[in-house]
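In the numbering used here, the protein residues as written are 55 to 214.
Structure, rendered in structure tokens:
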């Protein structure tokens with residue numbers, strides 16, 4: 055979980071949980087097989103023929119792709135157009151995206167890690183998570199970042 059948090063980027067994608075990666079959500083629906091025949095004066099000659107069938111509908115969350123992007127509304131750039139400043143100055147003015155704080159993607163909330171750990175340790179309480187486990191989880195993520203910096207420094211030293 056900590057490595058997933060560390061390795062997350064604006065380019066990474068994940069499987070849609072609504073459709074489980076299929077792009078379609080199946081359900082039983084009434085399907086009109088024949089509309090029936092009705093005369094101009096409103097007399098029904100043949101009744102409409104309706105059957106209940108299993109129908110696949112396009113997943114609304116992923117729009118049928120089966121995967122979700124981690125990108126923010128800023129499209130992974132970390133910058134958005136400041137409309138107020140642009141209107142005042144007359145030239146495009148960009149600012150750091152307030153939703154993702156300039157990262158380009160939203161971070162994994164700690165509640166996701168809490169849910170995953172609670173599945174393994176059912177007696178874990180919210181207060182125990184906040185006091186003991188969450189700081190440990192955040193230190194694991196921070197350790198991944200520091201090790202990445204050390205590896206990059208070692209790589210730069212070797213390739214000079």
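All C-beta atoms in this analysis are idealised placements derived from N, C-alpha and C, irrespective of residue type, glycine included.
Less than 8 Å between the C-beta atoms of residue 149 and residue 136, yes or no? Taking 8 Å as the Cβ cut-off, residue 149 and residue 136 qualify as a contacting pair.
Which partner residues of residue 68 appear in the DSSP bridge assignment? Here residue 68 is bridged, per DSSP, to 122.
Would you check if there are 3 or more beta carbon pairs closer than 8 Å linking the stretch 74 to 84 to the stretch 117 to 124? With the cut-off at 8 Å, the stretch 74 to 84 and the stretch 117 to 124 touch.
Classify residue 108 as helix, strand or coil using the three-state DSSP reduction. Assignment of residue 108 by DSSP, reduced to helix, strand and coil, places it in the strand class.
Enumerated in chain order, which unbroken segments of the alpha helix (DSSP H) with a length of 4 residues or greater are wholly contained in the stretch 75 to 106? Runs of the alpha helix (DSSP H) spanning 4 or more residues and lying entirely within the stretch 75 to 106 do not occur at all.
DSSP three-state assignment for residue 178, whether helix, strand or coil: Secondary structure at residue 178: coil, using DSSP grouped into helix, strand and coil.
Pull up the distance between the alpha-carbon of residue 164 and that of residue 193, whole angstroms please. CA-to-CA, the gap between residue 164 and residue 193 works out to about 13 Å.
Cβ neighbour criterion (16 or more within 10 Å) applied to residue 124: Residue 124 sits buried, since 16 or more C-beta atoms from the chains shown fall within 10 Å of its C-beta.
Taking the alpha-carbon of residue 113 as reference, which of 166, 90 and 70 has the nearest alpha-carbon? Nearest option by C-alpha distance: 70.
By how many angstroms is the C-alpha of residue 177 removed from the C-alpha of residue 170? The alpha-carbon atoms of residue 170 and residue 177 are separated by roughly 13 Å.
Grouping DSSP H, G and I as helix and E and B as strand, with all else coil, what is residue 193? If DSSP states are grouped into helix, strand and coil, residue 193 belongs with the helices.
Determine the direct distance from the alpha carbon of residue 88 to that of residue 105, and round the result to whole angstroms. Straight-line Cα distance between these residues: approximately 10 Å.
Does DSSP put residue 149 in a helix, a strand or coil? Here residue 149 carries a strand assignment [DSSP, helix/strand/coil].
Taking the alpha-carbon of residue 160 as reference, which of 129, 172 and 91 has the nearest alpha-carbon? Checked all of 129, 172 and 91; the closest Cα to residue 160 is 129.
Which residues does DSSP list as the beta-bridge partners of residue 142? Per the DSSP secondary-structure output, residue 142 pairs with nothing in a beta bridge.
Should residue 182 be flagged as near chain C, meaning a C-beta pair shorter than 8 Å? Within the model displayed, chain C is absent; a lone protein chain is all it includes.
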